[in-house]
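Report on one structure; see the data block that follows.
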Amino acid sequence: MSEKRLYCPKCEGNNIVPEAGFITGYKYRCRDCGYVGVLVYQDE
Ligand SMILES: [Zn+2]
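For the sequence shown, the tail end lands on 44 under my numbering, and the numbers increase by one without skipping.
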């Protein structure tokens, strides 16, 4: 079993954590550079 990996579009780090949004659904936050947004790279 492999987990879905997320990559930050800003620093390309993979230290991404999901945050539940209110209206737009899920957002993601990068713990490395502080990026927050809905756009992340996914490698399934
Ligand atoms: Zn980042």
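We put the CB at the ideal spot given by N, CA and C, even for glycine.
Model, not experiment: these values are computed from the prediction.
If you run the structure through DSSP and keep just helix, strand and coil, what is Gly-37? Strand at Gly-37.
Residue environment, Tyr-46, which counts as buried when at least 16 other CB atoms sit within 10 Å: A question about residue 46 goes unanswered here, because the residues of the chain that appear run from 1 up to 44.
Verify whether the separation of the beta carbon atoms of Asn-15 and Asp-43 is less than 9 Å. no
Exposed unless 16 or more other CB atoms sit within 10 angstroms - verdict on Cys-67: Residue 67 lies beyond the stretch modelled for the chain, which goes from 1 to 44, so this question has no answer here.
With a threshold of 8 Å, establish whether the CB of Lys-10 neighbours any heavy atom of ligand 1. yes
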